[in-house]
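Inspection log for the structure reproduced underneath, given as structure tokens.
Numbering (this note's numbering), first residue to last: 61 to 310.
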């Protein structure tokens with residue numbers, strides 16, 4: 061960079077004329093960092109927006125118990141989230157395992173809980189690996205609170221909140237990368253008794269379970285009719301459908 065100007069000066073001092081050439085443009089390109097997101101980043105952003113929108117609508121609908129005419133719109137939002145599913149084989153994913161709280165459903169058997177004189181508390185599902193490959197164990201847990209519990213909580217009143225908790229356990233076996241069969245094989249109930257305001261002592265529950273032979277027999281008879289299909293799965297959200305297309309957002 062310094063040699064060329066020195067040659068020009070030396071030639072001028074000696075009375076020589078050097079041929080004049082056009083200045084050459086540098087071949088070095090200076091590139092500013094691009095603000096353009098990759099296709100994957102754009103897709104992730106769209107998926108996150110769809111999930112956030114669905115969750116907000118589910119919260120407004122109070123898990124489906126107060127849908128107020130917006131059911132079809134909610135179903136469309138679920139379908140939009142399902143179309144962005146990042147996990148093609150959710151049954152085989154470790155993300156499926158763990159405890160999931162219900163955020164929305166249109167399943168009648170769940171929504172009929174709203175007809176109870178008790179208040180519907182937490183509804184959750186706990187999924188864990190089974191004893192053999194391709195098997196899962198699921199527990200569907202419903203908490204029913206004594207009447208007026210939510211009003212007492214809103215008024216910051218420390219009233220007894222002994223809950224009726226019932227759990228239906230299911231043995232699930234892999235049918236495909238997104239579908240498992242369901243055999244409801246266990247029942248556990250911890251009842252709330254009006255004359256025992258604080259509820260039964262911890263650990264006191266009513267339990268029943270089917271023998272493994274009966275589970276195997278039922279699974280072979282009902283696997284094509286009783287199943288659960290996971291249609292969306294990521295680290296924080298799961299969408300599943302039953303055989304009638306009923307929706308579960310957890």
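Built from N, CA and C at the ideal position, the CB exists for glycine as well.
If you look at residue 198, you'll find it in the beta strand (DSSP E) that goes 195 to 205. Residue range 266 to 269 is occupied by the beta strand (DSSP E) that includes residue 269.
The C-alpha of residue 306 lies about 10 angstroms from the C-alpha of residue 169. Under the three-state reduction of DSSP output, residue 300 falls in the strand class. Secondary-structure assignment with DSSP links residue 279 through no beta bridge to anything. Residue range 131 to 143 is occupied by the alpha helix (DSSP H) that includes residue 143, with no beta strand (DSSP E) assigned at that position.
Apart from the 5 residues on each side of it in sequence, residue 107 sits with its Cβ closer than 6 angstroms to the Cβ of 144 in its chain, given in chain order.
In the three-state scheme derived from DSSP, where H, G and I count as helix and E and B as strand, residue 285 is classed as coil. Cβ contact annotation for residue 138 (same chain, cutoff 7 angstroms, sequence separation greater than five): 114, 299, 307 and 309, in chain order. Rounded to whole angstroms, the separation of the alpha carbons of residue 242 and residue 303 is 11 angstroms. Between residue 196 and residue 238, the CB-CB gap reaches or exceeds 7 angstroms. Distance between residue 178 and residue 205, taken at the CA atoms: about 6 angstroms. Note that the C-beta distance between residue 118 and residue 127 is not below 7 angstroms.
Classified as exposed, residue 105 has fewer than 16 neighbouring CB atoms from the shown chains inside 10 Å of its CB. Residue pairing of residue 227 in beta bridges, as defined by DSSP: 201 and 248. A direct Cα-Cα distance of roughly 14 angstroms separates residue 202 from residue 164. Between residue 266 and residue 150, the gap from beta carbon to beta carbon reaches 7 angstroms or more. Contact annotation, residue 176 with residue 161: C-beta distance approximately 19 angstroms; criterion of less than 8 angstroms not satisfied. Residue 228 and residue 98 have their C-alpha atoms spaced approximately 45 angstroms apart. Setting aside the 5 residues that flank it on each side, residue 158 is surrounded in the same chain by 187, each with a C-beta closer than 7 angstroms to its C-beta; the list follows chain order.
With at least 16 other beta carbons inside 10 angstroms of its own, residue 166 counts as buried.
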